[in-house]
Structures are given as structure tokens and as C-alpha cells.
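In the UniProt record's numbering, the protein residues as written are 1 to 1148.
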């Protein structure tokens, strides 16, 4: 579907099937409930999206109808899919199609009327379906939710493209602060545009030099996690992505009839594949499965798209008269927790961490190898550049690795050549002319990458081969090593480009008076030979490095304490766990200052302690580039941080990558000399190598500084195979994730920085950076969303002030989840709402679960995601710097001015936070609650939500609980996930109504509105709450409560429903809206878009939970249980969980 140049003309969607006629889909017409003039405008703007969804509906319902008799979903159960005859189950009945259409109409009616009567009619129809029909119904609506998400992404891409076409005229205006003439759908795109932000900053008086400096300083580290928040299988996501790509492709105006029809057939095939695929994971993924999935996700879109995005940044900077980004400046880096996050996950071990790093390095080598080979075709240039010639002349001869060059090599191939039999088939393996300097350099780089790949394959196979010493010497061990020749080539091409420009400086042909202004003015004078694929490859290598993604390690603080306690007991020092906090700090600091080791070599540590020590040992041998930060979860006190420093001191080498010893073992030229000497000494007069001499020489090589251990060694760790000499200690990062930890954070940091050893360590080893991770999940589960947000805000202010006082830089690592309850939401809004001066040049943010595919699943969506980060960080940093008093002001919408954060606002938020937290903990934890206990609330939670079923969904390798117990032991993800499933979203709003009600009693609600209108932090909070309240549904929540909750506990549900209604009313009073998100009706439309698909999924879920519990209850009193029926019900139930996640666009 495309938007016509004529505002009143909407072109018919090309997604409709071949032979489509309008009258075919009258049953899909959705009546629109018009409330205001804005809704009329909104519906008009979203006509392209509505048309696309109508076409996709037609495809899907046509598909279901045609596949009806042979639908396999009807008999799919558990891990098996058996023949109808064997099971005695007939094919779906002919009236099943009619039932589905009836359900669709009733669902549309409920979405329009939003009343209990309409919902009850739908409920009566669904609860009488058999288990097979329940599976079919929920599968259909699940897939409509998924493809609707991609249709919405296609619409976003359309709007962005239209905006890009219109932006030159927008930027030509003298002032662009006022957007009265902007269309409503482009408001958000306008605010997120880097071009618009730069233009506004220039108009506000900031210099180009200042803006350029801040952009170049920016580095956002996006950290991918393996938290179980992606409900859909990878194969399902790929089908949906293909559908999204076809929708975008069909927007092109230059397609031929054949191309259009062919794309439609591809769309039909993709949707048929989606319908017939099993959407459920039948086995829980292992940590290494998650590693591979993460690598694949990042490789498919991010790796290939990021260089193109950086070209766009260069173009934007050029439009404003600024230089392009430096070649190695990528603005974004990617790190990972996958394979390193062992907090509560017993399946992530030291071995898994090592294999994760090797896997990522192996993938990086393969990707870079393909890129280097592409460059050999891309730069077929002859050159006599002096530096290039000198570099090529000094390159060691390593041809022996890919083919024998002498009779001695022929007889010794097993010890020096690659095991890849296809390497000789690669391009340019033969003669390369000596004047093709670029290709000669690239050929050398390629051989070393092949050796690197083989080297890490050896490591992955967990063994040592006779080739390892050769491969270790030839392999790249740092990103700088592989970048060095590429940067040299880039500079040479830039020199050539500069020489051309110099010839045309006066606008005349060289050596003549002939004027050629059209050449110089048009830019044709600049060849920009280096700014093509070569620059892209340099940026890819700079962004991802030889390790592809740095791996963070995470472990709970109590695990370190237990290990240290066992070590101290063994050494008869005492019970470390019984030391006071002051005694722990004194003991640990003495260990850090001492030159003697603490931990003895011992083989019989407990299993838990062994795993802790093995983790530090493996990490110390993974190389300086492989690892990121060491995150300490549940970090409460200074000793938790110092304890990790002691473990690192025990295992991490103090040899730096710049030391003479490290340079010696990685000197490729010295290895080549040793090898040449070995060949000449061991070749007899007939050119035959003596086996005995060869073995002796190998042993001598190792004794004289050789790199690898004996061939007979059987390595037990990465120490025997990976480059382990240069080890860099990980930055130790406390994770502040509870209200208590946030309150203690200031004291913890001040205590540490006041210590001379620690402050010196930060400045010398960590580069003057103190990194602190703030967790949005557990703090929200602990005290409610309002208290969590306000405590996080205050903690960031206090910690930043302390860091400045001690002369170090504070970097915050934002542990945001996908949902609002776990800190998720629009990133632009989140960044601008942070306290002033807490957004620095380095920023780390987690990207979890479904947020990965939503933000980076399609290349153009990835483009927009990166631009949002760039724009928001630039605006936040530069406007904060312009404010006279950083502690009292925040930037508002008009750049260059500050909004003073009044003390009365802070006092009011303190009061609201206290009231909200007391109300939240009263209900959830039973503190001061005389109506029901905490145990009763836990029982209600587990009866009314699919919490138990979520844990069986095989979303990830990590268990849903840290340990057995109540709400406090449940992870934040399933806590939020479960409330999302019943459309309550309780973790976001519970406690807020009590705070607002109290403000209303005190006649201070107008002050709250004033804060909302003038304070970005408060505006962000209420906008996000409004968004989640719109996603909530009181009627569906009431039905869950009525059907699933035991009669004695329904009073809890009645109370929560009442508070939800009160919250909606009070929030609208604060924002002064007639309906939720009235001020952002583009987002409102996006949310309402899926409601007609979601209602049947909820009702199927309710019925499945009800039937499942009845079967399990009856099995207690009877030895017989209908396994087949139970399996089908559980199948439909799990699909319903996926469906609601897709409709809500997040899980937990």
C-alpha cells in the first residue's frame, strides 16, 4: 500500500490477492467509533494501513478456508502429530469456518462497543468449542496479531520515507520550532529526526563544531540479553519478516505486472508456511542455542545495515557543512549477555561462556572473510602509493598456509596448511600483479583470516591439533591488527581523492585556463574511492570487532560471598559471611593491596565455589577484547564489589597487551623466521623431512618461547587454545535493582571512591569510568512503577554528583525490559526524561527479547531506531550543557532554555512515591492489610493468571524463579508477563490511584498537571502509564476474575478492578485528556488496531485454563486422565499466550 501525492487519494493496496474484488471482503469491514475530529483525521491518515490489514485478513481467511479440511493444527498436540485414523479424530467439521467468521464478527462488535454484553456473547460462542477448534481459532488470531505488527512496521517505513522526501522544504524554513503545519502522523518522526534536531540546535545558537564534537563522542552500547521475553519461535519470526519485506517491496512504483503478481504469490506462500508451522517451542533452548539465535539475529540485519546508516549520518553532516564521521567511529556497539548471564541460570557455566566467546569469534572471522573477498573485487586499482608499497614489501610470506610452496612444505602439509579443501577455489588465489597493491594487502589479510577461522575451529572442537601453533601465529588476536592494513588502504585512497580536489581548487582544468565550474561545484571532482565498501568494512570491523559482541558476565552477589566464605574457612581465616561490613572491606582491601595470592590450588572445592572460580579462570584466558563488564546482581554493599575485584586479581594476568613478552609471542615475522629455520635444518639432501628431527624441533620451539603446548596435551580450558597472555580485568559493575539497593547506592559509591586503592584503580585501570547498572524490573516489582521511577531518578542524580566530586565519569547502564513495567517504552522519551548531565558520551542499554526484532528486525526500522538514539542523546547532552545550574534545570521542548525543577515538585513526588509504595506493598506483600494476606494474594495471582503455564512455554534456558517461595522469589519477567496476559498490567499502575487520590484531596492535582506539562520526567511517566492503561481492558480482566478466581478470592480481583478504573479516571484528569492518549492518537490507533484479534485469544485462554484445571483436579481423585485431550488443551493455551504477547507487542 502506498500513499499518493494527492492527499485525498489512497491507492488500492497491492497486497490483495490476484483477481480480488472489493465485494469479496465486506465481512471484514470494521465500523469505526468516531469520537472527535482528531479521530476522523487519524482514520484518514491510516487508510493505507487499514487497507493493507484488510488485504492480509483476506489472505489469511482465504487460506484457512481452503486449507480447512486438511488443517493439521486441529490434531496437533504435545510433541506429536498423529494420523487422524490412529487417533479416531475426524477432520474439522464443515461448520467450523462459519464458527470462525461468527467469532470474528462478535469480536469486532466487542472492539467497537467495549461493553460486557458484547464480550459475554463472544464468551458463550467460544466456551462451547471443542479443543481442536480452540486451537484453530487461537492460531488464526495469533497469526493475525503477528502480521498486523509487520503491517504497522511497513506503515512506519512509509511515513518515514514520505517525511524524508518532505524534509528539505521543512529545513528551509527560517524557524522550525513551530510545527503547526505538520500532519499528525509526522509529529513523532519530526521529533526523532536527526536533521531536525541539528537544525533546531543551530537555530538555538549552538555551533557546528560543538554539535559535531558531541556526535563523534557518542557511543551507545546496545546489550542483547537472553531473558525469556521472546514468545515466538525464530522460524515464525522469519516468516513474518518475509511478509513485512514483501509489503515494503510492493510499495515501489516501478514494479512490472509480473513482479507485482510474483510478489503476491510469494506473500501467499509465506502466509501458508506461517499457517502450517508449529508456533510452539517443543523443547527448552540451551544457552548455546540462545547464543546462536542471537548471533543470527544480529548478523541478518544489524551487521549489514549499520554501515549504510553511518553513510546516512555522513550525508546529514555534509548537508550542514560538517566533516563525515571518522572511519572507525560507528556510534553504536553491540554487547551480549547470552552465555554470560549466570544469575539464577544453572545452565550457564564456565564452559558455556568459553564456547559462547569462541562461537562469536568464529562467526566474526567468517563474516570478515567474506567481506575481504568482496573488497578484492571492489578495489582492482593499480597504485604506486609510497606507504602502500613499503607496507607490502614488509609483509611476511605466509603463502605456505594455503598451499605448499616447496617440497618440504608438501611433506609437512599436516603441520602448516589449512584444512579447508576449498580454499584453492577462492578468487585471486593465483598470481596478483605487484602493482595491484590493494589486492596484495587484501590477499594477506584473507590468509590470516582463514588461519584465524581455523584456529577458532580448533578451539571450538575443544582440542589441540598439530596446526595450532602455526594458526595461532597467523591468526588475528585483536581488532586493531585487522584494521591496520585497511586503514592504510583507506588513507591512501583519501590521499588520491585529495590530490584530485587540489587539481580543481581554482575551478580550472589542471595546467589550463579552461573553466569547469560544473565539475567542482557538482562534487564530481571527488572520486571518494575509499568511501564505498572499504569504509563499510572498516566500520563493521570497528563496531563488532574480532569478538563480534563483547560478552558481559553476570552473577548474584551472594554466590561470591559463599565462595569467599569457603576459601576463608579453608585457610582458617574465619567465617567471611559472619564478618561485619567494615571487617569484610578491610580484609578484601588487604588482599587487593597484597602481592601474595589468596586462593590455593585445590581440587575439592564445593560445586558452587568451583563454578565461581572456573568462571574467573576462563574469563582470564578469553582475551582483552572478548569481555565487557562483570555485573553483580543484588549488589547491596561495598564488599560485594570488592569481593569480585579480589577474584579478578587472583586469576587475571597483569601482563598488558603492550608488554615486550606479549609482543614477542605475537610477532608474526619472528614466527616466520623460526619456521624457515626449522624447514632448512630438517630437510635432508633429498628434500625429505626427518620425523625425529621434526619432533625435536617442535619441542625446541616450545622450550624457546613457542606458543602452543605439547601436541599430547589435552586442554581442559581455553588456556590451551586461546590467546591468553594479554588479559584485561573486566569493569566491575553493581546492579541496583531493588528500592533498598537504590537507597544505599550513594553510600556504597562514596565509601568505595573514598578509598585510595579503589579510586586509583578506577582512574588507572578503568580509564576513570565508574559504571553502574540500574535495574527497572525488580525495583518496580518491589515498590511499584512510580516509586521505582522516582528512586531511579534520584539515584542517578546523587551518583553523578559523587562521581564529579571525585573526578571520575559516571556511566549508567540502563537495564530496561520490553514492557513498561520493566522500564520499556519509546527510547526517545526515555532518554530525554533522564536527569540533566546523566546522559554521557558512553551509554549502555539492554535490548531484550521481542524488542530486538521490533527494533532491528527490518533494516529500515533499524535505521529509525539508531536515528532516535542519536537524536535524543545529542539533544539531551547539548541542552544540559547549556543550562546554568545543572542540578535545578532540565531542557524543555524549546532548545537552549531550561525548565526549573521546583523544590515543591520534588517534595510532591516524594509524597506521592511514599503513598504509592505503601499502597502497592499493602496489596502485593500484605503489609498492614487487614482484608487479605500476602499468601491469599499469591494464591489469587496464580489462579487468575497463566503464571504456571508461562514457565512451561520454553521461552528461554533460565528458570522463571530464583528459588521456591512467593512473589519475592518470582522473576520480574513472569510477574509482568502474567499480568499482561489478563490485560490488567497491574505492575505499572498499582499504587498510583492512591497517590493521585490523596493529591486530589489536598487540592494538589493541578500541581501534578503542572509537573506533567513542564517536567520531562513526569511527562514521560504519565505518557507511558496512559499507553499501558489503554492496553488494559477492564471487561476482560473482570472475566478472568469471574471464571478463574476461587469465590473466596474474587474480592481481591474486585478491588483491583476498582482501582484500575480509578487510575484511568485520575490519570486522564492529570493529562487533561478526554480519552487515553488523546494527545498521541497515532500511538492510540496502533494500540486499538489489534483489539478485535485479541478478545478471542483471551477467551480461548480462559477456557483452556479452566478445562486444564478441571482435568488435573479430576486426576487427583482418579488414576485415569485423558492425556490426548489435556495435551490439546495445553497446546491451545500456550498458543493463546503467544497471541496475547504478539497483540500487546511485549511479554515481560
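Backbone N, C-alpha and C define an ideal beta-carbon position, used for all residues, glycine too.
Between the alpha carbons of residue i and residue j, how many angstroms are there, rounded?
i            : j            : result
residue 674  : residue 476  : 19 Å
residue 9    : residue 164  : Any reading at residue 9 must be qualified, since the residue scores a pLDDT of 42, below 50, and its modelled position is unreliable; the value itself is stated next. The straight-line gap from Cα to Cα measures roughly 20 Å.
residue 306  : residue 316  : 15 Å
residue 933  : residue 640  : 34 Å
residue 652  : residue 1080 : 52 Å
residue 161  : residue 1133 : 40 Å
residue 531  : residue 304  : 16 Å
residue 637  : residue 837  : 25 Å
residue 882  : residue 841  : Confidence is the limiting factor: at residue 882 the pLDDT is only 49, short of 50, which leaves the residue's position unreliable, though a coordinate-based value still follows. So the two alpha carbons sit approximately 16 Å from each other.
residue 896  : residue 198  : Low confidence applies to residue 896: its pLDDT is 39, below 50, so where it sits in the model is not reliable, and the reading given next is rough at best. Looking at the two C-alpha atoms, the distance is approximately 13 Å.
residue 585  : residue 562  : 16 Å
residue 361  : residue 457  : 10 Å
residue 461  : residue 620  : 20 Å
residue 543  : residue 535  : 12 Å
residue 1149 : residue 217  : There is simply no residue 1149 to check, as the chain begins at 1 and stops at 1148 in what is shown.
residue 538  : residue 359  : 22 Å
residue 867  : residue 159  : 15 Å
residue 741  : residue 635  : 7 Å
residue 486  : residue 610  : 43 Å
residue 1145 : residue 1086 : 11 Å
Identify the continuous alpha helix (DSSP H) that holds residue i and give its terminal residues.
i            : result
residue 804  : 785 to 805
residue 855  : 850 to 856
residue 1000 : 992 to 1001
residue 402  : From DSSP, residue 402 is part of no alpha helix (DSSP H); its letter is neither H nor E.
residue 1141 : 1123 to 1144
Along the beta strand (DSSP E) that carries residue i, what are the first and last residues, could you check?
i           : result
residue 349 : Careful: residue 349 lies outside any beta strand (DSSP E) and carries neither H nor E.
residue 107 : Where residue 107 is concerned, there is no enclosing beta strand (DSSP E), although the alpha helix (DSSP H) it sits in stretches over 96 to 113.
residue 809 : 809 to 815
residue 244 : Segment 234 to 249 is the alpha helix (DSSP H) holding residue 244; no beta strand (DSSP E) there.
residue 933 : Counting along the chain, residue 933 falls outside any beta strand (DSSP E), and DSSP gives it neither H nor E.
residue 280 : First-last for residue 280: undefined, no H or E at that position.
residue 555 : 550 to 556
Should residue i and residue j be called a contact, given that it needs their Cβ atoms to be closer than 7 Å?
i            : j            : result
residue 829  : residue 1020 : yes
residue 1191 : residue 338  : Residue numbering for the chain in the displayed model covers 1 to 1148; residue 1191 lies beyond these limits and cannot be assessed.
residue 599  : residue 573  : no
residue 618  : residue 353  : yes
residue 1063 : residue 993  : yes
residue 987  : residue 137  : no
residue 1129 : residue 1108 : yes
residue 141  : residue 1139 : yes
residue 799  : residue 858  : no
residue 449  : residue 398  : no
residue 325  : residue 314  : yes
residue 1151 : residue 1037 : Lying outside 1 to 1148, the shown extent of the chain, residue 1151 is not represented and no answer is given.
residue 356  : residue 861  : no
residue 1076 : residue 1143 : no
residue 62   : residue 150  : no
Give a yes or no on whether the minimum CB-CB distance between residue i and chain C is below 7 Å.
i           : result
residue 855 : As a matter of chain content, chain C is missing from the structure shown, which is built from one protein chain.
Throw me the rounded Cβ distance for the residue i and residue j pair, which I believe falls under 8 Å.
i            : j            : result
residue 134  : residue 1113 : With a Cβ gap of about 19 Å, residue 134 and residue 1113 do not count as contacting.
residue 632  : residue 732  : 7 Å
residue 940  : residue 982  : Not quite, the Cβ-Cβ distance comes to about 11 Å (not below 8 Å), so this is no contact.
residue 1099 : residue 215  : Incorrect: roughly 51 Å between the Cβ atoms, too far for contact.
residue 483  : residue 541  : 6 Å
Practice item. Take every Cβ of the region 615 to 632, pair it with every Cβ of the region 364 to 374, and state whether three or more of those distances are shorter than 8 Å. Key: no
Check your understanding: Are at least three pairs of beta-carbons, each pair with one atom in the region 548 to 555 and one in the region 591 to 607, less than 8 Å apart?
Key -> no
Exercise for review: Assess, as a yes-or-no matter, whether the region 251 to 269 is touched by the region 865 to 878 under the definition of 3 or more beta carbon pairs within less than 8 Å.
Suggested key: no
**Study point:** Any 3 or more C-beta pairs closer than 8 Å across the region 775 to 790 and the region 920 to 940
**Key:** yes
Exercise for review: Could you say if the region 432 to 439 and the region 382 to 392 meet the contact criterion of at least three C-beta pairs nearer than 8 Å?
Suggested key: yes
Point to revise | Cβ contact check for the region 795 to 815 and the region 760 to 779: 3 or more pairs under 8 Å | key: yes
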